[in-house]
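Residue numbers (the numbering used here): 59 to 338.
Idealized CB from N, CA, C, for every residue including glycine.
Everything on this sheet refers to the single structure shown next.
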Amino acid sequence: MEKGLPALPRGVRIILMAFKLRINLVRRSRRNKRAFPFRHPLLFLGMLALAGSLAGAAWIYLSLPGVESLSRSHPSLTALIKLRMRQAKREAKPYAIHQEWTAWEHFPPLLRRAVVASEDAAFYSHEGVDLFELKESLKKNLHAGKKARGGSTITMQLARNLFLSPRKSLLRKLREILIARRLEAVLSKQRILHLYLNIVELGRGVFGFPAAAKRFFGRSLESLTITEILRLVAVLPKPLRVSPLSNSRYLQWRVRLVADRMVQRGHLTPQQRARIESDL
59 MEKGLPALPR
69 GVRIILMAFK
79 LRINLVRRSR
89 RNKRAFPFRH
99 PLLFLGMLAL
109 AGSLAGAAWI
119 YLSLPGVESL
129 SRSHPSLTAL
139 IKLRMRQAKR
149 EAKPYAIHQE
159 WTAWEHFPPL
169 LRRAVVASED
179 AAFYSHEGVD
189 LFELKESLKK
199 NLHAGKKARG
209 GSTITMQLAR
219 NLFLSPRKSL
229 LRKLREILIA
239 RRLEAVLSKQ
249 RILHLYLNIV
259 ELGRGVFGFP
269 AAAKRFFGRS
279 LESLTITEIL
289 RLVAVLPKPL
299 RVSPLSNSRY
309 LQWRVRLVAD
319 RMVQRGHLTP
329 QQRARIESDL
């Protein structure tokens, strides 16, 4: 028999015990509410989410690499080169790096314009991120169900090649954007493009246009023809799958695409465009 209860029928005793338990629970709940300021659980969860977001943002910002040294020196090894070396080691395959750091004035103006026309038409007007291109690429990729259009600027590509991995994730994209903004705040447009032209991947173990010119055409960058320059630029989206020396439909399409954009911007004459067509 429950202590403190009279000898009542069993059913009545059960009802009284349940009533007593209910009173105790109500009292305990009131004490907890006085001790705990967030009476609404959604408010508490919202505060937790906000605190987590702020902590995550602080961690991302504090973990960003410094870029100030890039204004006066060249990086020895980029994150992408290190990744390719690790991949080759895992596969037990030899891996030779072909790269030649070249001064800005030795990059033909035609090449600089072709790269901008191919990769980032708004390069000289944005601050590292092209919001319009990001929005358009997101819409097109969602519609296609796969990556059909890239939205990374030249500065974002530089940030990825220097410091990050090609692995696709929301966190990596956020870091890429933040590093790009930092690069734009510290470096001039010329320096950003100069670094990009020297480190971008253009084939297996081939980094930078000067090394690619010698690797694929056996000549210096300054001695290449217009069509040869455009062949190098054409492989930028798929440097490990397409060779500048191939005659694939993809490469020819890319050469024509970049050439047409340059004609529209007044960087190529109709006669030069016709010569490119005859060379393909």
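Among the options, the one whose alpha carbon lies nearest that of residue i
i, options, result
"MET320", "TYR308, ASN305 and ILE284", "ILE284"
"VAL187", "ILE235, ASN256 and ARG230", "ILE235"
"ILE237", "LEU260, THR213 and VAL293", "THR213"
"ALA243", "ARG277, GLU185, PHE274 and GLY266", "GLU185"
"LEU141", "LYS247, LEU338, ARG262 and LEU253", "ARG262"
"PHE267", "LEU294, LEU245 and LYS247", "LEU294"
"ASN219", "LYS247, ILE139, SER127 and ARG130", "ILE139"
"HIS132", "SER246, GLU280, LEU189 and THR160", "THR160"
"ASN305", "ALA271, LEU338, LEU200 and GLN248", "LEU338"
"GLY124", "LEU245, ARG148 and TYR308", "LEU245"
"LEU135", "LEU279, LEU200 and HIS156", "HIS156"
"LEU128", "ALA271, ARG307, LYS247 and VAL300", "LYS247"
Neighbour-count burial assignment, residue i, 16 or more Cβ in a 10 Å radius
i, result
"ASP364", "Residue 364 lies beyond the stretch modelled for the chain, which goes from 59 to 338, so this question has no answer here."
"GLN215", "buried"
"TYR182", "exposed"
"GLU191", "buried"
"SER210", "buried"
"HIS252", "buried"
"VAL196", "Sequence check: residue 196 is Leu here, not Val. Flag for LEU196 reads exposed."
"ARG312", "buried"
"ARG171", "buried"
"ALA217", "buried"
"LEU282", "buried"
"ALA292", "buried"
"ALA150", "exposed"
"ALA271", "buried"
"LEU63", "Its pLDDT being 45, under 50, LEU63 is placed unreliably by the model, and the measurement read from it follows with that caveat. Answer is exposed; the Cβ neighbour count stays below 16."
Expected contact under 8 Å - CB spacing of residue i and residue j to nearest Å
i, j, result
"LEU260", "ILE250", "About 18 Å; that fails the 8 Å criterion."
"ALA317", "LEU326", "6 Å"
"ILE257", "LEU288", "With 8 Å as the limit, ILE257 and LEU288 do not qualify as a contact, their Cβ atoms being about 20 Å apart."
"LEU255", "VAL173", "7 Å"
"GLU194", "ALA269", "Between ALA269 and GLU194 the Cβ distance is about 33 Å, and since that is not below 8 Å, they are no contact."
"ALA175", "ARG323", "6 Å"
"ALA137", "PHE221", "5 Å"
"LEU122", "ARG233", "7 Å"
| Entirely enclosed beta strand (DSSP E) segments - the stretch 235-315, minimum 3 residues | 259-261
| field | Meets three-Cβ-pair contact criterion under 8 Å: the stretch 215-226 and the stretch 159-176 | value | Using a Cβ-Cβ distance cut-off of 8 Å, the stretch 215-226 and the stretch 159-176 are not in contact, since fewer than three pairs of beta carbons, one from each stretch, lie closer than that value.
| request: Give, in chain order, every unbroken run of the beta strand (DSSP E) that is at least 3 residues long and sits entirely within the stretch 148-217. | output: Fully enclosed beta strand (DSSP E) runs of 3 or longer: not present.
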